[in-house]
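J.: Counted the way our numbering counts, the sequence shown spans residues 214 to 722. Every residue, glycine too, gets a C-beta built ideally from N, C-alpha and C.
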Amino acid sequence: MLKTAIKIKANKKLAFFSIYGGVIKAAALFCAVLLAFALYGGPAFAASTLLLTDSKTFFLSDAVKVVFYFNRQPQIKPVKSNNRLEFVIDFPECDFLIKKYKQNIKDELLNGILIFKTENATRALVRQLQMTQVRITQGYDKSRKNFYVSALFYRPYERYSKYEARLAEIERYKKKGVPVVLIDAGHGGKDPGAKSIYGDIEKSLNLKFARMIVSAINETGLCRAYLTRSGDQFLSLGRRVFLANQYGADAFISIHFNANKSKKVRGFEIYYLSSGTASDKAAEILANIENSAEFLDENIAGEQDYQVQSILLDLKEKENIKESGILSTIITGWVSKIAAYPASEPKQANFAVLRNLNMPSILVEIGYLSNENDLSFLRSSSNFEEICSRIAIGTINYLCPKAALDYSIIKNNNGGEVKAAAPKKNQAVKAPTGADALAEVIIAAKNKTSRKNLKPAETKKIEYKVKKGDTLSKIAKKFKIDLKKLMELNNKTAAGSIFPGEVLKISND
């Protein structure tokens, strides 16, 4: 539309020449060439001059995308407006062929676009009907042979005030030195993901596991975890990247389930970004499958976030890939201790959801929906909790190495003590075996009074939060304590007199 408006303006200036014939026509043609040169090719609009040439608006299910096209790469300068519903971008030292361009938009998010010249820039003003998340990207359109800047106005799935409150909360945690991790439940909404042999839908399983991992991390108080989506919403891969960068997350973990034509393939896998080729053909195929979600709405291939341009240097990217490998190795080390569940070595591939991120990022494939053994194992509530807990503890192990869990006293399955030094920075710690030992690690973390390492004696006091289906005899057996002693510690007169959510003393030592 903008290009048409520019042509119409040029044609109006040339129209009066077309009514003459013969010599006058020749003179008119000569004048037309001079005018065209003045408009498009004169000194003011030479090839080296930055020019805004066109704009287009795309209506996506996840966003409204406003794209501005240029003859060469522009500078971007967001401008704060007194009106919160006006989103303003300046393109410094950029020319514009017409005085003003206005476009009305019929959408629940946007009302219209205004483009005009200021003293030293071309300004684009987008009028919003409601506050929403806005992501600025830039890239090169090969088909049009134009550089572009796009503003994505994301369709809200929650009140904007709730999003702002979350940003403020994250800022408070970060000021206190508490690491933040974003847990991404893959797929969602119109993108169901894979389907199990029993009809389980991947998007629902991803959210179930993501919620449990977030809960396990937050329960310790050592780190703070958030979800990219809390319900069955479709979020483009670019939007997940945007949220991670906006939150300033210290790590990004995307939760998925795998599937394979061979029903024999099974087990836990972690992938992280590759700067070159994938680790193997299987990793490349999986990346292609997961990346297919980006073509449902917003293709982010080849473009970069404006917000991260200044730090997307090769050195930073290589450092993030290196750290992602360390995070992958630590979490895999914890999960691999589950004897009945195989865990492969971490692999690399070019996953779209892991690109353009400012932090270590990994994609976790919990198991194979095409394998009966994996499905049977994960349908057990205790196995479900254990694998989520181990992912959580591995994440904490990576993010909080200095203030990490006190590993100096962890009981093994035989009741003996495993002597292990506190982990050094970004160093994996040998995980204790068994769900009971893992439960003690989480309890020890919950009972910490500060983020500094506690002395071994201070971690011996153990408490347990009763879950649905628990009995005193089951809890006594779980912690290898005499049932009578457990009842005395908690002033219980009957073996069944407990309720979910109640906190029991396991030991006063």
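Taking Y439 and L395 to be in contact with their CB atoms under 8 Å, please state how far apart those CB atoms are, rounded to whole angstroms.
T.: Yes, Y439 and L395 are in contact; Cβ-Cβ is about 6 Å, under 8 Å.
J.: Tell me the residue span of the alpha helix (DSSP H) that contains N596.
T.: Where N596 is concerned, the enclosing alpha helix (DSSP H) stretches over S594 to L612.
J.: Find the nearest neighbour of A553 within the set I543, P559, G580 and R568, judged by alpha-carbon distance.
T.: Out of I543, P559, G580 and R568, G580 has the C-alpha closest to the C-alpha of A553.
J.: What is the residue span of the beta strand (DSSP E) that F304 lies within?
T.: From DSSP, the beta strand (DSSP E) with F304 extends over E299 to P305.
J.: Between the region 267-285 and the region 441-461, are three or more C-beta pairs nearer than 8 Å?
T.: Cβ pair count under 8 Å is three or more, so yes.
J.: Can you give the Cα-Cα distance for L263 and V362, rounded to whole angstroms?
T.: Between L263 and V362, the C-alpha separation is close to 13 Å.
J.: Rounded to whole angstroms, what's the CA-CA distance from N324 to K477? Just pull it up for me.
T.: Rounded to the nearest angstrom, the two C-alpha atoms are 54 Å apart.
J.: Would you mind reading off the limits of the beta strand (DSSP E) that contains K278?
T.: Unbroken beta strand (DSSP E) run through K278: A276 to F283.
J.: Is the distance from the Cβ of L576 to the Cβ of I534 below 9 Å?
T.: Taking 9 Å as the Cβ cut-off, L576 and I534 do not qualify as a contacting pair.
J.: By DSSP's criteria, R437 is part of a beta bridge. Which residues make up the other side?
T.: Paired residues: V393.
J.: Using 8 Å as the Cβ pair cut-off and three pairs as the minimum, do the region 430-444 and the region 342-360 touch?
T.: Output reads no: the region 342-360 does not touch the region 430-444.
J.: Can you name, in chain order, every residue of its own chain whose Cβ lies under 8 Å from the Cβ of S696, other than the five neighbours on each side?
T.: According to the sequence shown, residue 696 is Leu rather than Ser. For L696, where only same-chain residues beyond five positions count, the Cβ hits under 8 Å are L685, S686, A689 and A708.
J.: Quick one: what's got a C-beta closer than 6 Å to P405's C-beta in the same chain, skipping five residues either side?
T.: Taken in chain order, the residues that qualify are I414 and K416.
J.: From the DSSP output, in three-state form, read off R340 for me.
T.: Three-state result, R340: strand.
J.: DSSP three-state call for G352: helix, strand or coil?
T.: Reduced to three states, the DSSP call for G352 is strand.
J.: Could you tell me the boundaries of the alpha helix (DSSP H) in which Y460 lies?
T.: Element bounds for Y460: L450 to Y460.
J.: Kindly indicate which residue of K388, Y314 and L418 has the alpha-carbon position closest to the one of R437.
T.: When only C-alpha atoms are compared, the closest one is K388.
J.: Does DSSP put E676 in a helix, in a strand, or in coil?
T.: E676: strand per DSSP, three-state reduction.
J.: Quick one: complete alpha helix (DSSP H) runs, 4+ long, within the region 538-578?
T.: Correct list: empty.
J.: Nearest-angstrom Cα distance between D303 and A334?
T.: So the alpha carbons of these two residues sit roughly 6 Å apart.
J.: When the Cα atoms are used, what is the spatial distance from D397 to K290?
T.: In a straight line, the C-alpha of D397 is about 30 Å away from that of K290.
J.: Using CA coordinates, which residue listed in R442, Y373, I604 and E321 is at the minimum distance from Q341?
T.: The shortest C-alpha separation from Q341 is found at E321.
J.: Who are V716's beta bridge partners in DSSP?
T.: Note: V716 sits in a beta bridge opposite K678.
J.: Verify whether the separation of the beta carbon atoms of Y484 and P559 is less than 9 Å.
T.: A contact, by the Cβ cut-off of 9 Å.
J.: Can you check DSSP and say which residues form a bridge with Y367?
T.: Answer is A276.
J.: If I measure Cβ to Cβ from A605 and keep anything under 6 Å in the same chain, skipping five residues before and after, which residues do I get?
T.: Cβ within range, chain order: I426, A429 and I430.
J.: Assign V362 to one of three DSSP states: helix, strand, or coil.
T.: Strand.
J.: For the alpha helix (DSSP H) that contains S698, what are its first and last residues?
T.: Note that residue 698 is Lys in the sequence shown, not Ser. First-last of the alpha helix (DSSP H) with K698: L696 to L702.
J.: Could you pull the DSSP bridge partners for V291 from this structure?
T.: The sequence shown places Pro at residue 291, not Val. Paired residues: I302.
J.: Could you tell me which of Q343, S594 and F283 sits nearest to R297, measuring between CA atoms?
T.: The candidate whose alpha carbon is nearest that of R297 is Q343.
J.: What number of angstroms, rounded off, separates the C-alpha of S294 from the C-alpha of R442?
T.: Their backbone Cα atoms lie some 30 Å apart in a straight line.
J.: Would you kindly check if the distance between the Cβ of S475 and the Cβ of S541 is under 9 Å?
T.: Cβ atoms of S541 and S475: not closer than 9 Å.
J.: Straight-line CA distance for I328 to R336?
T.: Those two C-alpha atoms are separated by around 6 Å.
J.: Rounded to whole angstroms, what's the CA-CA distance from L699 to F597? Just pull it up for me.
T.: L699 and F597: Cα-Cα distance of roughly 27 Å.
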